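Colleague: Here's a structure for you.
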Amino acid sequence: MTDFNFIEGGIVIFSFIIQFGLTIILLLFSTAVAWYEGSAILDHPWEWKYSTSFSHMLHGEVHSNSDISQLDYFVYAAKFQPTFPVIMVISSLYLLVLIGYYFLNQHYKRFAYFLSILAGVLFLLSYFFIHSPITGGQVFFYIWIVSGILCTVTAVIIYFQGFNRNTKKEV
């Protein structure tokens, strides 16, 4: 019986490592492509006023290519070519939930609370993009609102399944 638990535990760890590794690779790939796509901001100086929020915080007014922060590449890509930034967000969320599940799966209430907090953050992020006139902003609004709803529903299910599991043990 101990051997079976050892093998089962090894399979769980192996599964986690595979999922973690593939998600990290996807995250790194999508980050690199989004960064590359966002570098097009250097060729569009009329967009510097609207898409260089990080540069404005760091340098004030943007006057040349050298004033543009690398983070603004992601802002530009998210606004005008949101495919890879969306993949970045989804893979980051999956990685966050995977890590939370790995460390909190024995404590169902804590994992449910973790998902609830994550849902709150996602709802807050979606609020900032609710009236975005740009396609990328609208896409991120829907990604964050749907992810927040999924986290909330999952948290409720996990919480009450764990609650039912504990009450059945007591009977």
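Going by full-length UniProt numbering, the first residue of the sequence shown is number 1, and it counts up by one from there. For glycine and all other residues, C-beta sits at the position ideal for the given N, C-alpha and C. Remember, predicted model here, so these are calculated numbers, not experimental data.
1. Leaving aside the five residues before and after residue 97 along the sequence, list all residues of the same chain whose C-beta is less than 8 Å from its C-beta, in chain order.
2. Under the three-state reduction of DSSP, which class applies to residue 1: helix, strand or coil?
3. In the DSSP assignment, find the unbroken alpha helix (DSSP H) run with residue 92 in it and report its ends.
4. Taking 8 Å as the cut-off, decide whether the C-beta atoms of residue 85 and residue 103 are in contact.
5. Curious, which full-length alpha helix (DSSP H) runs of at least 4 residues does the region 46-73 contain?
6. Have a look at residue 35 and residue 91 and give me their C-alpha separation to the nearest angstrom.
7. Can you list, in chain order, the residues of its chain with a C-beta nearer than 8 Å to that of residue 47? Leave out the 5 residues immediately preceding and following it.
8. Rounded to a whole number of angstroms, what is the C-alpha to C-alpha distance between residue 155 and residue 149?
9. Under three-state DSSP, which class holds residue 39?
10. Please state the DSSP three-state secondary structure of residue 147.
11. Specify the secondary structure class of residue 16 as computed by DSSP and reduced to three states.
Modeller: Looking at the coordinates:
1. 115, 118, 151
2. Note that residue 1 scores 47 on pLDDT, short of 50, meaning its location in the model is unreliable and no value can be drawn from it.
3. 83-104
4. no
5. Counting only runs of 4 or more, we get 48-51, 53-59.
6. 16 Å
7. 41, 76
8. 10 Å
9. Residue state, collapsed to three classes: helix.
10. helix
11. helix
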